[in-house]
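Chemist: Okay, here's the structure, questions in a sec.
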Amino acid sequence: MNQENKNEVANSTTNQGQMLAGSPGIIIAPVNEQPVDASSPDKGKVNVSVEQVVPTTVSAPAPQLNPALLAPKVNTAPIENVPPTPPTPPVAPVSTPLPKKKKRGSKIFIFLLVLLVLGMGAYIIYDYMKDLKRGECSLLVASDNSLRELDINSSIVKELYDKVKTNIREDVAYNTFDDTLKLYLAYRQIPISNFYDSNCNLYNSNEMSNFTCSDASSFVPKAFKVETLEREVKKLFGDDVSIPNQNIVLGTSCYGGYQYIPERGEYVQGYCSEVPITTYNVDKELISATVQGDTITLKEKVRYYSANGIATDRLQNGIYVYTFKLDNSYHYAYVNRSIEES
10 MNQENKNEVA NSTTNQGQML AGSPGIIIAP VNEQPVDASS PDKGKVNVSV
60 EQVVPTTVSA PAPQLNPALL APKVNTAPIE NVPPTPPTPP VAPVSTPLPK
110 KKKRGSKIFI FLLVLLVLGM GAYIIYDYMK DLKRGECSLL VASDNSLREL
160 DINSSIVKEL YDKVKTNIRE DVAYNTFDDT LKLYLAYRQI PISNFYDSNC
210 NLYNSNEMSN FTCSDASSFV PKAFKVETLE REVKKLFGDD VSIPNQNIVL
260 GTSCYGGYQY IPERGEYVQG YCSEVPITTY NVDKELISAT VQGDTITLKE
310 KVRYYSANGI ATDRLQNGIY VYTFKLDNSY HYAYVNRSIE ES
């Protein structure tokens, strides 16, 4: 190789040696084979290219995940004979306990309610027994049509008999079974508590013989309301019975003696100065009591006689038959009185 070729190869080598392989941007100065003076200005320096080195940021690709590792493993095997899942039982609601104050209040309310029920029950029983004692209500004695004997000393028989029996003075004064006697018998059933002190306003002394009423006298009459008597009429004779209001007096005697004053809606008592007397006597005896269905029959043996042993034609001896029938209010209504020959 001649000298010219050697220079070309050297130049080529020098140009290629300016870049360090694998290190972009770093330029290596060529080696000077000539000796370098240590005192020269660039001594100890490395020849560096004027090109600025710019660091290159290399974005590393995100790691790829294997889809097989992320997908859930599904058992594709067929399901055979797997029992159905039982339904979840309903969960009972949790009851929140009430405060002690509310519980105490509930107990007090229940206690008061029990007392109220017991009180009402006691009042109903008391009122019923009071009405039963007064004869305002009676028990159903028989529910079939067979004829049965009743004890004449039983409470139901005594109750009914006391309503209708009369004494000798009443019989002598008026013995006909009509509205006058019926109204008088109903008047006898009025409780004493329904009478009250009154006055003689609008009282007519000419309407009732033997009876007077005057505010000038010291006599204080008793009185009761018209509706009070009407109530007793229905209790004694039945709900469908109505008797016209009229003065309550038996004949010309002093029995009764209450004048009907429609303007006041009251019955007002009159004063009777005559003392009733009689020379007649009577023997009365309740001999039987029977029930058939809803009907009770009482039989009374009656014998009138005078002080001289002579009976009067106006008073009839015989068997008096009193008939009572159960009405819709479960009261035995006084239906009729008849006389059988003895």
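First residue of the sequence shown: 10, per this note's numbering; consecutive thereafter.
Beta carbons are placed, not taken as given, at the ideal position from N, Cα and C, and that holds for glycine.
1) Taking the beta carbon of Y205 as the centre, do at least 16 other beta carbons fall within 10 Å, making it buried, or is it exposed?
2) Helix, strand or coil, according to DSSP, for G265 in the structure here?
3) Assuming R178 and Y264 form a contact by the criterion Cβ under 8 Å, report the distance between their Cβ atoms to the nearest whole angstrom.
4) With DSSP run on the structure shown, which of helix, strand or coil describes E283?
5) Exposed or buried, A225, counting other C-beta atoms within 10 Å across all chains shown (16 or more means buried)?
6) Quick one: what does DSSP say L159 is sitting in, helix, strand or coil?
7) Using DSSP with H/G/I as helix, E/B as strand and the rest coil, what is V173?
8) What I want to know is whether the C-beta of V126 ends up closer than 7 Å to one or more non-hydrogen atoms of the ligand PLP.
9) List the whole-angstrom C-beta distance separating G327 from I348, where the pair is believed to meet the contact cut-off of C-beta under 8 Å.
10) In terms of residue numbering, what span does the alpha helix (DSSP H) encompassing R323 cover?
11) Which of the three DSSP states is assigned to D180 in this structure?
12) What first and last residue would you give for the beta strand (DSSP E) that runs through T185?
13) With DSSP as the reference, label Y339 as helix, strand or coil.
14) Are the beta-carbon atoms of T175 and N219 separated by less than 8 Å?
15) With a threshold of 16 other CB atoms inside 10 Å of the CB of D322, please say whether the residue is buried or exposed.
16) In chain order, what residues of the same chain lie with their CB nearer than 7 Å to the CB of I252, ignoring the 5 residues before and after it?
17) Counting only runs of 3+ residues fully inside the stretch 291-323, write out the beta strand (DSSP E) ranges in chain order.
18) Have a look at Y183 and T304 and give me their C-alpha separation to the nearest angstrom.
19) Please confirm whether C352 and V277 have their CB atoms less than 8 Å apart.
20) What's the gap between the Cα of G266 and the Cα of I119?
21) Please classify V123 as buried or exposed, where buried requires at least 16 neighbouring CB atoms within 10 angstroms.
22) Could you give the DSSP three-state label for F120: helix, strand or coil?
23) Which residue wins for smallest C-alpha separation from V235, given the options T299, N254, F228?
24) Who pairs with K231 in a beta bridge, going by DSSP?
25) Check whether the Cβ atoms of A316 and L159 sit closer than 8 Å, and answer yes or no.
26) For Y289, list the residues DSSP reports as bridge partners.
27) Here's the rule I'm using: 16 or more other beta-carbon atoms within 10 Å means buried, otherwise exposed. How should S147 be labelled?
28) Exposed or buried, what is T288 when buried is set at 16 or more other beta-carbons lying within 10 Å of its beta-carbon?
29) Based on DSSP bridge pairs, tell me the residues matched to K334.
30) Only counting the same chain, and skipping five residues up and downstream in sequence, which positions put a Cβ closer than 6 Å to that of R312?
Modeler: Answer, in terms of the structure:
1) exposed
2) strand
3) 7 Å
4) coil
5) exposed
6) coil
7) helix
8) Absent from the structure shown: the ligand PLP. Ligands present: none.
9) 5 Å
10) Careful: R323 lies outside any alpha helix (DSSP H) and carries neither H nor E.
11) helix
12) Premise fails: T185 is in no beta strand (DSSP E) and is neither H nor E.
13) coil
14) no
15) exposed
16) D188, K191, L192, V242
17) 304-315
18) 27 Å
19) Here the chain has residues from 10 to 351 only, and residue 352 is not among them.
20) 54 Å
21) exposed
22) helix
23) N254
24) D206
25) no
26) S315
27) Any reading at S147 must be qualified, since the residue scores a pLDDT of 49, below 50, and its modelled position is unreliable; the value itself is stated next. Classification for S147: buried.
28) exposed
29) T304, A342
30) D292, N326
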